[in-house]
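Structure first, then comments.
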Amino acid sequence: MYSATKQVLARPFANMQPQSRQALGLLVLAAALLLFPFYHANDADIASMANAAAYVTLALGLNIVVGFAGLLDLGYAAFFAIGVYFYGVLTAYQVMPEWSGYWGPLAAMGLVEKINQGGPDLVHFTLSFWLALPAAALVTAAFGVLFGAPTLRLRGDYLAIVTLGFGEIVPIVFRNADSVTNGAAGLNGVASPTLFGFDFGVDATPYYYVGLFLVALLIYVSIRLRDGRVGRAWMAIREDETAASTMGVDLVKYKLLAFAIGAGFAGMTGVYYVAILQTATPDMFNFNVSAMLLVMVVLGGMGSVWGVVLGAFLLQIMQSWLLPDLNWALHGIGAAVGNDWLQTVDMVKTTQLIFGLILVFMMLFRREGLIPATRKTPPLDMQQQAAQVQRGGFVGMEKIGHWELRSGNALEVKDVTVKFGGLTALNKINIVVPEGGVVAVIGPNGSGKSTLFNVITGLVRADGGSILFQGAELLGLAPHTILEKGVARTFQNIRLFPNLTVLENVLIGQHARLKTGPIGAVLQSPAGKAEEKRARQWAVDIIGLFGNRLTPRLGQTVLGLSYANRRRVEIARALASQPKILLLDEPTAGMNPNETLELAEQIKSLHELGLTILLIEHKLDVVTRLAQNVIVLDHGEKIAEGPADVVRQDEEVLRAYLGRAGRDHVAAMAAKAAEAAAAEGPGHA
Ligand code: ADP
Ligand code: MG
């Protein structure tokens with residue numbers, strides 16, 4: 298019965314595009330919200346909704362910091378407080394310096410007025426609400442940078458503790474700065490907004506509409522940021538900081554940006570919130586507020602814009618609407634059955650408990666929240682897989698063009714030493730990679746190969762030496778700058794952005810080659826849109842190089858890919874950055890012989906297009922196939938260098954590979970042979 302009804306109801310929508318269906322849903326929702334005060338003319342409930350709007354915008358701001366960039370901020374309410382006090386102080390009768398002629402220009406702009414309360418003339422600040430919204434966003438954003446800067450190097454627990462501290466400090470400052478904030482007694486007489494001469498006063502409806510506008514605005518901003526270069530950079534940081542920086546994301550810049558924009562949302566909300574209340578005390582911004590906002594984000598879905606809106610709305614309505622109604626009902630029942638406890642119980646006091654329970658349940662049963670940020674694309678089924686022609690080699694290479702031929706050396710590693718405490722991982726290593734060449738580095742485990750890549754890409758510091766790339770020093774540069782110069786790498790233990798899709802991973806590889814910043818993303822400039830379109834096409838082209846391996850899986854999160862495919866995505870991501878040299882750290886590790894052969898061919902194709910390659914590889918047949926020059930490392934020393942077949946015969950190399958036992962074995966064999974020769978007697982030598 299139910300399903301039949303559902304079918305009938307769904308029929309008109311069945312043929313709609315998902316996008317138009319979404320648009321229709323949004324339209325209906327927007328209409329319902331816009332008309333809400335008309336069909337539900339209860340001032341208290343409209344006020345609850347206006348209040349909920351404030352929490353939705355706060356949660357959206359926190360979502361940028363925690364959900365997008367993955368920075369756990371436990372003191373987010375501090376920014377909210379700063380917004381509140383910014384508007385509060387600049388409109389309430391709190392700070393009133395003595396009037397002098399200097400204030401004249403500001404008075405002409407309507408920012409202050411001259412008042413007289415008996416005694417000398419005083420200045421009364423009269424900042425307009427509409428001006429205060431963007432101004433507070435800017436001011437709190439500046440505080441976001443201020444608080445963010447010292448905490449940037451921290452991650453996880455440490456960051457949480459420091460932000461917790463900031464969250465505590467800010468209200469204390471407001472409490473103690475009596476002369477400006479009226480201390481613990483709080484601000485009074487904060488001005489209500491006026492619009493075209495109409496004073497909002499204490500009627501909830503106009504605030505509700507302002508709240509609705511702010512929610513719509515900040516949803517829009519969140520989505521625009523999320524779906525472009527900036528959002529991808531944040532998510533890359535969230536997923537894997539190291540990989541993000543080696544793919545060109547400036548960690549400091551983008552973390553600060555997340556802090557600043559998140560804070561800006563809170564500052565704007567603060568203005569709105571205090572305009573409704575027309576009063577504020579420092580106690581309103583304690584840890585509970587930050588914690589509640591975090592629960593809203595977790596409930597809705599970290600990083601999910603609509604999820605966070607829903608989470609914040611549900612929890613706020615629960616507090617201001619459902620629980621009081623429940624009280625009322627329980628008290629009624631209590632009166633009817635004559636139970637004292639039921640008559641006096643206050644469910645609103647259980648809010649914290651409910652939050653705690655929600656958090657526990659979400660962690661146990663639905664970590665991704667009510668509306669998950671990434672919609673899972675299912676893996677291909679058997680039929681889909683069977684339908685694919687598996688192709689090796691590179692296809693569609695004409696699309697990626699070729700590298701210009703240069704002469705000389707691309708990379709020169711000179712006397713580079715890296716020490717980890719007492720361990721010398723690299724000792725005065727010299728390596729030269731000619732332009733357009735393929736050089737392989739081999740050596741037993743722990744010989745320093747990956748460390749060599751790490752020092753070239755700026756992940757570990759050198760204790761001496763120099764690394765020149767096309768003549769310019771790389772040592773001392775940050776990983777993202779090194780990528781910008783054209784050095785891209787893969788990792789031995791694949792470092793993709795696991796919860797992002799194949800396409801997103803490869804798009805992040807282009808970060809350094811794109812320009813759109815946060816403002817361009819929000820304003821959707823034609824140049825920005827065109828850039829994004831080109832970026833997506835380029836990503837699809839690069840992914841297409843691997844034949845049908847990745848193309849049908851563009852929308853899948855890389856978490857679900859096979860090992861070999863993850864390696865391919867990592868190479869595609871590096872290629873997307875348009876590198877001049879590609880550093881591959883054991884690219885075929887974990888691949889079967891067929892896949893290994895295929896990848897070797899693909900690497901060869903890249904080389905033929907003119908790409909310079911430095912390769913760490915264990916499989917000697919791959920090395921022989923690809924490399925013109927082979928460098929052998931052992932215990933941080935370069936023990937041999939030369940063409941692959943020559944190096945293969947080198948006694949010292951064999952010894953390094955076979956190890957001590959092998960060497961003893963070889964020695965024993967040699968001794969035996971000598972003995973046998975001696976026993977044969979002279980004349981047979
Ligand atoms: P390979 O890639 O040749 O197997 P690595 O370069 O990974 O070798 O490691 C070389 C040596 O340096 C090993 O002994 C390893 O334990 C050590 N090492 C590598 N990275 C670090 C680090 N970050 N801190 C301390 N020791 C390290
Ligand atoms: Mg290694």
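Position one of the sequence shown corresponds to residue 298 (this note's numbering), numbered consecutively onward.
Beta carbons: idealized from backbone N, C-alpha and C, even for Gly.
I'd like the list of long-range same chain contacts for residue i, defined as Cβ closer than 6 Å, with 5 residues on each side in sequence excluded.
| i | result |
| --- | --- |
| Ala-356 | Leu-590, Met-593, Val-594, Val-605 and Ala-609 |
| Glu-905 | none |
| Gly-959 | Since pLDDT at Gly-959 reaches only 49, below the 50 mark, its modelled position is unreliable, and the value read off the structure follows with that caveat. Taken in chain order, the list of residues that qualify is empty. |
| Val-571 | Val-381, Tyr-384, Gly-385, Val-487 and Ala-577 |
| Ala-670 | Gly-598, Gly-600 and Ser-601 |
| Pro-490 | Phe-426, Phe-497 and Ala-572 |
| Tyr-860 | Gly-887 |
| Ala-301 | none |
Quick one: what's residue i bridged to in DSSP?
| i | result |
| --- | --- |
| Lys-935 | Leu-930 |
| Pro-731 | Asn-706 |
| Thr-491 | Asp-496 |
| Ser-476 | Answer is none; Ser-476 lacks a bridge partner. |
| Ile-764 | Val-710 |
| Phe-422 | Val-409 |
| Asn-485 | Thr-576 |
| Lys-985 | Past the boundaries of the shown model lies residue 985; the chain is included only from 298 to 982, so the question cannot be answered. |
| Val-738 | Ile-913 and Ile-928 |
| Ala-769 | Phe-766 |
| Glu-395 | Leu-419 |
| Asp-882 | Ile-913 |
| Thr-798 | Thr-854 |
| Ile-726 | Val-713 |
| Val-784 | Ile-878 |
Cα-Cα, which of the options is closest to residue i?
| i | options | result |
| --- | --- | --- |
| Phe-562 | Val-436, His-699, Asp-838 and Leu-408 | Val-436 |
| Leu-912 | Ser-822, Arg-833 and Ile-728 | Ile-728 |
| Ala-871 | Leu-896, Leu-906 and Gly-806 | Gly-806 |
| Asp-547 | Ala-530, Val-386 and Ile-558 | Ala-530 |
| Asn-706 | Pro-676, Gly-718 and Gln-767 | Gln-767 |
| Val-784 | Gln-925, Met-532, Thr-909 and Leu-511 | Thr-909 |
| Ile-753 | Arg-864, Pro-776 and Met-346 | Pro-776 |
| Leu-330 | Met-532, Ala-924, Phe-426 and Ala-349 | Ala-349 |
| Asn-862 | Gln-875, Phe-843, Asn-473 and Ile-878 | Phe-843 |
| Gln-821 | Asp-524, Pro-884 and Arg-663 | Asp-524 |
| His-808 | Trp-625, Ala-540, Tyr-954 and Ala-481 | Ala-540 |
| Val-983 | Leu-623, Leu-656, Phe-662 and Ala-633 | The chain is shown only over 298 to 982; residue 983 falls outside these bounds and no answer can be derived. |
| Lys-550 | Leu-620, Ala-366 and Asp-643 | Ala-366 |
| Thr-460 | Val-442, Val-477, Ser-476 and Arg-472 | Val-442 |
| Gly-416 | Trp-396, Gly-755 and Arg-833 | Trp-396 |
| Glu-695 | Ser-859, Arg-792, Val-518 and Leu-903 | Leu-903 |
| Leu-607 | His-628, Thr-354, Ile-868 and Val-803 | Thr-354 |
| Leu-408 | Ala-482, Gln-414, His-421 and Gly-398 | His-421 |
| Ala-429 | Leu-896, Ile-379, Gly-718 and Gly-445 | Ile-379 |
Within its chain, find whatever has a CB closer than 8 Å to the CB of residue i; leave out the 5 residues flanking it on each side and keep chain order.
| i | result |
| --- | --- |
| Gly-290 | The chain is shown from 298 up to 982; residue 290 falls before or after that span and cannot be answered. |
| Met-659 | Val-595, Leu-596 and Gly-666 |
| Ala-438 | Ala-557, Ile-558, Ala-560, Gly-561 and Gly-564 |
| Leu-856 | Pro-795 and Asn-796 |
| Ala-457 | Leu-369, Asp-370 and Leu-371 |
| Phe-652 | Ala-588, Met-589, Val-592 and Leu-612 |
| Leu-620 | Met-644, Val-645, Thr-647 and Thr-648 |
Excluding the 5 residues flanking residue i on each side, which residues of the same chain have their C-beta closer than 7 Å to its C-beta?
| i | result |
| --- | --- |
| Asn-724 | Thr-714, Gly-933 and Glu-934 |
| Leu-772 | Ala-759, Ser-763 and Ile-764 |
| Gln-304 | none |
| Ile-779 | Thr-754, Gly-755 and Leu-771 |
| Ile-839 | Ile-697, Val-803, Ala-869, Leu-872 and Ala-873 |
| Ser-317 | none |
If I'm right that residue i touches residue j with Cβ under 8 Å, what's the distance once you round it to whole angstroms?
| i | j | result |
| --- | --- | --- |
| Arg-521 | Leu-811 | The Cβ separation is near 15 Å, so there is no contact. |
| Thr-536 | Pro-795 | Per the sequence shown, residue 536 should be read as Glu rather than Thr. Glu-536 to Pro-795, Cβ: 6 Å. Contact. |
| Thr-787 | Asp-882 | 6 Å |
| Gln-391 | Leu-484 | 6 Å |
| Met-599 | Val-363 | 6 Å |
| His-915 | Ala-886 | 7 Å |
| Met-393 | Leu-419 | 4 Å |
| Val-920 | Val-927 | 6 Å |
| Asp-931 | Pro-676 | The pair is not a contact, with the Cβ atoms about 42 Å apart (cut-off 8 Å). |
| Tyr-985 | Met-346 | With the chain running from 298 to 982 in the structure shown, residue 985 is simply not present. |
| Ala-271 | Gly-567 | Residue 271 lies beyond the stretch modelled for the chain, which goes from 298 to 982, so this question has no answer here. |
Check: So which residues touch the region around the ligand ADP, with touch meaning a C-beta under 6 Å from any heavy atom?
Finding: Output, sorted by chain position: Phe-717, Leu-720, Ala-722, Gly-740, Asn-742, Gly-743, Ser-744, Gly-745, Lys-746, Ser-747 and Thr-748.
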